[in-house]
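Just add 55 to wherever you are in the sequence shown, counting from 1, and you've got the numbering used here. Below is one structure; the comments refer to it alone.
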Amino acid sequence: MRTTRIEVSSSRGVFMISVAAELADMHPQTLRMYEQRGLIQPKRSPRGTRLYSQDDVERLRRIQEMTASLGLNLAGVERVLELEERLEQLERRYTAVERRRLELEAEVQRMRDDSRTQIVRWEPPQA
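Right, here's the structure in full:
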């Protein structure tokens, strides 16, 4: 018997709410509440069924860690997640700016190299 292995992106919604809740060790109603608060946004099937990804499950576990272990309330969790997302945006922007800086430095160096090869020392005509 031959089995087919399918690679699934960690962001693809594949788990129904009951499975995601079990994987995150939460009650399905908790997942619905988190969705209402905007802490998680599961994908939807064509029929409207919530489909959670592996990334969603990891986020749920992180939320649970912040509430249970760190003692944060949901407002605190929301703020932490907002700050983490903002930090990721800033890191991406920094990377883009740094890449552009390196490109410009390389161009300046090429221009310097070109100017050195193009400059000819002027010598007065000999009479």
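Even glycine gets a Cβ: it sits at the ideal position worked out from N, Cα and C.
Bridge-paired residues (DSSP) for residue i
{"i": "Tyr-107", "result": "Phe-70"}
{"i": "Arg-57", "result": "Note: Arg-57 sits in no beta bridge, so no partner."}
{"i": "Arg-99", "result": "Arg-105"}
First through last residue of the alpha helix (DSSP H) which encompasses residue i
{"i": "Pro-83", "result": "83-91"}
{"i": "Ala-130", "result": "129-173"}
Straight-line gap, residue i to residue j (C-alpha atoms, nearest Å)
{"i": "Leu-125", "j": "Gln-91", "result": "22 Å"}
{"i": "Ala-130", "j": "Ser-108", "result": "24 Å"}
{"i": "Thr-85", "j": "Ser-100", "result": "20 Å"}
{"i": "Glu-178", "j": "Glu-153", "result": "43 Å"}
{"i": "Leu-115", "j": "Ile-95", "result": "8 Å"}
{"i": "Arg-171", "j": "Glu-162", "result": "14 Å"}
{"i": "Asp-168", "j": "Ile-174", "result": "10 Å"}
{"i": "Leu-40", "j": "Arg-148", "result": "This structure leaves residue 40 out entirely; the chain is present only between 56 and 182."}
{"i": "Leu-127", "j": "Tyr-89", "result": "14 Å"}
{"i": "His-82", "j": "Gly-103", "result": "20 Å"}
{"i": "Met-121", "j": "Arg-87", "result": "18 Å"}
{"i": "Arg-156", "j": "Gln-164", "result": "12 Å"}
{"i": "Ala-151", "j": "Leu-145", "result": "10 Å"}
Top-ranked residue by Cα proximity to residue i, from the options
{"i": "Gln-119", "options": "Thr-58, Ala-76, Leu-106 and Arg-102", "result": "Ala-76"}
{"i": "Glu-113", "options": "Glu-143, Arg-147, Thr-172 and Asp-80", "result": "Asp-80"}
{"i": "Ile-66", "options": "Thr-58, Leu-106 and Leu-78", "result": "In the sequence as presented, Ile is not what sits at residue 66; that position holds Ser. The residue with the shortest Cα to Cα distance from Ser-66 is Leu-106."}
{"i": "Phe-70", "options": "Gly-93, Pro-97, Tyr-89 and Arg-57", "result": "Pro-97"}
{"i": "Ser-64", "options": "Glu-139, Leu-142 and Asp-110", "result": "Asp-110"}
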